[in-house]
Amino acid sequence: MIDKGFDPDFLIQKYQLKALPNFGQYKFGIFIPYFFKQQMITFMSRSITGQYKKCRNEDSIIPVNQTMYNIDSVKDRILIVEGPTDVWNIGDGAVATSTINYTMEQVILLNKMVYEGVKAIFIMYDAEEFAIDKAKELASRLSCEHVEVLELSSPSDPGNMTQGEVRHLRKQLGL
């Protein structure tokens, strides 16, 4: 986390992260809880190698692929990114699909949020062509009046944006 420029103490407190033991199926990882309406519903782990591992569906209240990471931080604008580290860099208002292969349950959740008052949705996946195509596909399925796909060039990952770039982006999007 430090090598990506993150403040571990801040992230641990804000996102309720935990260190995992050096044994078991989630060994050498960070425990990343997912909340919905302030209740933990599932989790992922991120290993020291950067690999993510989801909680099994049968062990989740709501599976990872049916929700969005950091969904409770949304007000009236959403920035959709790929993964939790992207959210950690951007902050409140950013949510992660936890993959570029979004699900219909996530589309339904986003459209429900539009019905409940979300006015604008922005999608900013990594800069690879396949990811941009998936972002455009997701945008076409959303019922919000203002949906926009943001394309990165450099850096190619929202998690690698500088704090200055993040501040500028947040201001532009009204997050």
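Per our numbering, the very first residue in the sequence shown carries number 3; after that it's consecutive.
Even for Gly, the Cβ is constructed at its ideal location relative to N, Cα and C.
Asked	Found
If Met-126 and Leu-152 are in contact, beta carbons under 8 Å, what's the gap, nearest whole angstrom?	4 Å
Strictly under 8 Å for the Cβ-Cβ distance: is Lys-136 near chain D by that measure?	Judged by its chain identifiers, the structure shown contains no chain D, having just a single protein chain.
Between Leu-175 and Asp-78, what straight-line distance do the alpha-carbon atoms span, to the nearest angstrom?	11 Å
On a CA-only basis, which of Cys-57, Asp-94, Ile-43 and Gln-108 is nearest Arg-169? Give me that one, please.	Asp-94
Output the residue ranges of the alpha helix (DSSP H) runs that lie fully inside the region 55 to 142 and measure 4 residues or longer, sorted by chain position.	86 to 92, 106 to 117 and 131 to 142
Report the rounded CA-to-CA distance for Val-119 versus Lys-29, giving the unit in angstroms.	As written in the sequence, residue 119 is Gly, which differs from the Val given in the question. Each residue's Cα considered, the two are about 40 Å apart.
What separation, rounded to the nearest whole angstrom, lies between the Cα atoms of Asn-113 and Ile-123?	10 Å
With contact counted as at least three CB pairs below 8 Å, one residue from each stretch, are the region 71 to 85 and the region 38 to 47 in contact?	yes
In whole angstroms, give me the CA-to-CA distance for Gly-26 and Glu-147.	46 Å
By how many angstroms is the C-alpha of Glu-60 removed from the C-alpha of Ile-92?	31 Å
Assign Gln-108 to buried or exposed, taking buried as 16 or more other Cβ atoms, counted over all protein chains shown, within 10 Å of its Cβ.	buried
Output yes or no for whether 8 Å exceeds the beta carbon distance between Glu-84 and Thr-105.	no
Taking DSSP's pairing of strands, which residues face Arg-48 in a bridge?	Ile-32 and Tyr-54
If distances are taken between C-alpha atoms only, which option among Ile-134, Val-66 and Phe-38 comes closest to Ser-75?	Phe-38
Between which two residues does the alpha helix (DSSP H) containing Glu-150 stretch?	Run containing Glu-150: none in the alpha helix (DSSP H); it sits in the beta strand (DSSP E), 148 to 151.
Out of curiosity, what's the CA-to-CA distance linking Cys-57 and Pro-65?	8 Å
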